[in-house]
Amino acid sequence: MRLLPPDEVGGFFSLVFSFSSQGDRKEPPGPKPLPLLGNLLQLDLKRPYNTLLKLSKKYGSVFTFYMGPQKVVVLSGYKTVKEALVNHADEFEDRDQSQLQHEFNQGHGIIWSNGDSWKEMRRFALMNLKDFGMGKRAIEEKIIEESQHLIGVLKNFKGEAFDTTQPIRFAVSNIICSMVYGSRFQYDDPDFTSLVHNMSSRNELFGSPSITVYNMFPWFFKWIPNRKLFFRFGAAIKIQNLQLFSRLKETLNPQMCRGFVDAFLVQKQNLEVRKQIY
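Letter by letter, the sequence shown follows residues 1 to 278 of UniProt numbering.
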């Protein structure tokens, strides 16, 4: 079985995964689907988790739902999800990609690869991210440092009402950047603001109703503007990251890795040396 990423997470945690029927095996209960459309007409495309929450109250913590022509099984609630991901981790280790994710990532990367490649990448990522503070007290220092910068920004509004989205988004992004790139950015750095904007915009598009429908019927809705916009933002993010990687590579010190990218570059160099030797 392969995991489908939840489009949104609210107070109710829902996990959707692909389910392939074998023989006459009885499937979990669920709403009756329409031909081709499945249960699409019942789905709140803007807040799909609301629909799944209501259905879980009617059909239980495990139920069948048709995302267009694709049959999926929904697991809802902490106990049910824990039973699947912890007690049956091997069976649920793979993640299914939506059509758009597959087109963009081609099954590569830490998050969307599967099988042996994913296991190797996950092992490497966890080992190195822990070295840079993940799950340790060291990350607290990064958070406290960034909080001081955020407080400075908030004070500039002098008690007036303002939208907190951007400064908080910058603060969270900077904590991630400090682990990945080895340093934080100033909030007015044009490269940083552009990168955060592109990533936020792409994420918002991914959860949009039109993209949700496209993932169900890719052969029919390939023309939708949001799909092209998603790829445009993705291409911009790739270029920006390559520029950051290039700058880090120029100042790389294998004996003193600043962040996850440095660790990855050092590992790449080591593998290339081994190939030359053997």
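We put the CB at the ideal spot given by N, CA and C, even for glycine.
(message) Relative to the C-alpha of GLY38, which candidate in THR193, VAL213, VAL180, GLU204 has its C-alpha closest?
(response) VAL213
(request) Note down the Cα distance separating PHE192 from ASP96, rounded to an integer number of angstroms. (result) 31 angstroms
(request) Determine the direct distance from the alpha carbon of PRO28 to that of GLN70, and round the result to whole angstroms. (result) 15 angstroms
(message) Looking at the strands, I want to know which residues DSSP matches up with LYS71.
(response) TYR66
(request) List the endpoints of the continuous alpha helix (DSSP H) containing ILE151. (result) 138 to 155
(request) Locate the alpha helix (DSSP H) running through LEU55, then write down its first and last residues. (result) 48 to 59
(request) Name the two residues that bound the continuous alpha helix (DSSP H) containing residue 280. (result) Past the boundaries of the shown model lies residue 280; the chain is included only from 1 to 278, so the question cannot be answered.
(request) Using the Cα positions of GLY182 and GLY259, report the straight-line distance between them to the nearest angstrom. (result) 4 angstroms
(message) Just verifying my parser: in three-state terms, what is the DSSP assignment at SER76?
(response) strand
(request) Can you have a look at THR64 and say buried or exposed, based on whether 16 or more other CB atoms are within 10 angstroms of its CB? (result) buried
(message) According to DSSP, ARG169 sits in a beta bridge with which residue or residues?
(response) Beta-bridge pairing links ARG169 to no other residue.
(request) Could you check which residue in GLY207, GLU204, GLU93 has the C-alpha nearest to that of SER117? (result) GLU93
(request) Go to ARG122, then tell me how far its alpha helix (DSSP H) extends in each direction, as first and last residue. (result) 115 to 131
(message) Measuring CB atoms only, is the segment 31 to 46 touching the segment 207 to 221, in the sense that at least three cross pairs come out at less than 8 angstroms?
(response) yes
(request) Count the other C-beta atoms from every protein chain shown that fall within 10 angstroms of the C-beta of GLY30, then say buried if there are 16 or more, exposed otherwise. (result) buried
(request) Using the Cα positions of GLY60 and LEU150, report the straight-line distance between them to the nearest angstrom. (result) 43 angstroms
(message) Taking the straight line between their C-alpha atoms, what separation do you get for GLU145 and ALA171?
(response) 10 angstroms
(request) Using DSSP bridges, identify the partner residues of GLY38. (result) LEU34, MET67
(request) Figure out for me which residue from LEU248, ASP163, ARG169, PRO225 has the closest Cα to the Cα of SER147. (result) ARG169
(message) Quick test of your reading: residue 284 and VAL62, contact by CB under 8 angstroms. State the CB separation rounded to the nearest angstrom.
(response) No information on residue 284 is available, as it lies outside the stretch 1 to 278 that the chain covers here.
(message) For GLY11, which residues in the same chain have their Cβ closer than 6 angstroms to its Cβ, ignoring the five residues on either side in sequence?
(response) With a pLDDT of 32 at GLY11, under the threshold of 50, the modelled position of this residue cannot be trusted; read the value that follows with caution. Excluding sequence neighbours, GLY11 sits near nothing in its chain.
(message) On the DSSP letters alone, give me the boundaries of the alpha helix (DSSP H) that MET216 sits inside.
(response) 209 to 216
(message) Given this structure, state the Cα-to-Cα distance separating ILE176 from LYS32, to the nearest angstrom.
(response) 43 angstroms
(request) Report buried or exposed for GLY234, applying the criterion of at least 16 other Cβ atoms within 10 angstroms of its Cβ. (result) buried
(message) Would MET134 and MET179 qualify as a contact pair, given that the criterion is a beta-carbon distance under 8 angstroms?
(response) yes
(message) According to DSSP, simplified to helix, strand and coil, what is ARG95?
(response) strand
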